[in-house]
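Asks: Position in the sequence shown counted from 1, then plus 744, gives you my numbering. For reference, the structure I am asking about is given below.
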Amino acid sequence: MEKWRNKKIIHKGPILTLLAGEVELDNGDLAYREVITHIGGVVIVPVLGDEVILVRQYIIAIEKEILELPAGRLEPNESPLQCGLREMEEETGYISDNMILACEYYASVGFANEKAYVYLAFELQKTAQRLEHDEKIEMERYTIAEIKEMLDNNDIIDAKSIIGLRELLAYYEKNRLKL
Numbered sequence: 745m746e747k748w749r750n751k752k753i754i755h756k757g758p759i760l761t762l763l764a765g766e767v768e769l770d771n772g773d774l775a776y777r778e779v780i781t782h783i784g785g786v787v788i789v790p791v792l793g794d795e796v797i798l799v800r801q802y803i804i805a806i807e808k809e810i811l812e813l814p815a816g817r818l819e820p821n822e823s824p825l826q827c828g829l830r831e832m833e834e835e836t837g838y839i840s841d842n843m844i845l846a847c848e849y850y851a852s853v854g855f856a857n858e859k860a861y862v863y864l865a866f867e868l869q870k871t872a873q874r875l876e877h878d879e880k881i882e883m884e885r886y887t888i889a890e891i892k893e894m895l896d897n898n899d900i901i902d903a904k905s906i907i908g909l910r911e912l913l914a915y916y917e918k919n920r921l922k923l
C-alpha cells in the first residue's frame, strides 16, 4: 500500500485541491504523485413518464456543448440525497419523492478521489427551474427508446450520464418494466 512520505498543496480552490509529493511503495521505493481532492457530487436521472430529462449546456473544460444528466457538487454537510434534490430542482424545475440510489462510483481513481452518487428520480412534480447565475441550461426530453439508441450510437459522451442512463436501463430490465 502506498503511503505519503511528503506532500504539499499546490492549489486549493473552492472546487478542488491539488496535492503533490512523494509516496513510499510497498517495496520501499519512492514515486511521485499528484492527487486531486474533491468533495464529490450527485447525478440525477429524472424520469418523467416514459421520458428522461437531459440538459444541454456548454462545458468550458472540453470547449463544446454537450447533452448530459443534471448533476452537481455536494455542499459541505449536505447528504447526497439532499444534493440530488437541490440540483434536480435547480437545473430542471422538478422535484421527486421517489429517489432511488442506483450506484456510487469514483470518477477517476488514478488521480482523484471524487465520488459520485447516481439517483433515479421518479414521480416528478413541477416546480420552477432555479439556475445559478453562471448556468445556461436547456432542458430536453427523450423517450427511453431514444435514450437506448443514443447510448448504442455513442451520442452521449459524458461518463456520468452514460453511467446514469445505463443504470436506468438496468433498473427497467431488472424490474421488467417497459423500455
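From the three backbone atoms N, C-alpha and C, an ideal C-beta is built for every residue, glycine too. These numbers were taken from a predicted model, which means no experiment stands behind them.
1. Go ahead and label proline 758 buried or exposed: buried means 16 or more other beta carbons lie within 10 angstroms of its beta carbon, across all protein chains shown.
2. Using three-state DSSP, classify arginine 920 as helix, strand or coil.
3. Between which two residues does the beta strand (DSSP E) harbouring methionine 843 extend?
4. If you scan the stretch 871 to 916 from start to end, which runs of the alpha helix (DSSP H) of 4 or more residues do you find wholly inside it?
5. Just reading off the beta strand (DSSP E) that glycine 765 is part of, what are its end residues?
6. For the 8 Å Cβ check, are there 3 or more pairs between the stretch 770 to 777 and the stretch 790 to 806?
7. Whether or not the stretch 870 to 878 and the stretch 775 to 784 are in contact is what I'm after, with contact meaning three or more pairs of Cβ atoms, one per stretch, closer than 8 Å; do they touch?
8. Is it a yes or a no for the stretch 806 to 821 touching the stretch 901 to 908, going by three-plus beta-carbon pairs under 8 Å?
9. Report back the beta-carbon spacing between alanine 860 and alanine 851 to the nearest angstrom; my notes put them in contact at under 8 Å.
10. Quick one: residues in its chain with C-beta nearer than 7 Å to the C-beta of tryptophan 748, no 5 flanking neighbours on either side, listed in chain order?
11. Note down, in chain order, each residue of its chain lying with its Cβ closer than 7 Å to the Cβ of tyrosine 915, except the 5 sequence neighbours on either side.
12. Could you check whether leucine 895 and proline 790 sit closer than 8 Å to each other, using their CB atoms as the reference points?
13. Can you list, in chain order, the residues of its chain whose CB lies under 8 Å from that of serine 840, leaving out five sequence neighbours each side?
14. Using alpha carbons as the reference points, say which of Lys880, Glu778 and Val799 lies closest to tyrosine 886.
Replies: Let me spell this out:
1. Exposed.
2. Three-state result, arginine 920: coil.
3. Methionine 843 -> beta strand (DSSP E) spans 838 to 850.
4. Within the stretch 871 to 916, the alpha helix (DSSP H) runs of at least 4 residues that lie entirely inside it are, in chain order, 888 to 896.
5. Segment 760 to 768, the beta strand (DSSP E) holding glycine 765.
6. Between the stretch 770 to 777 and the stretch 790 to 806, the count of Cβ pairs shorter than 8 Å is below three; the stretches do not touch.
7. The stretch 775 to 784, when compared against the stretch 870 to 878, does not touch it at the 8 Å Cβ threshold.
8. Flag = yes, the stretch 806 to 821 and the stretch 901 to 908 touch.
9. Rounded, the Cβ-Cβ distance is 6 Å, consistent with contact.
10. The beta carbon of tryptophan 748 sits closer than 7 Å to the beta carbons of Gly765 and Val767 from its chain, once the five residues preceding and following it are set aside; these are given in chain order.
11. Cβ within range, chain order: Ala846 and Leu864.
12. Against a cut-off of 8 Å, the Cβ pair of leucine 895 and proline 790 comes out as no contact.
13. Pro790, Leu829, Met832, Ala865, Phe866, Glu867, Leu868 and Gln869.
14. Of the candidates Lys880, Glu778 and Val799, the one whose C-alpha sits nearest the C-alpha of tyrosine 886 is Val799.
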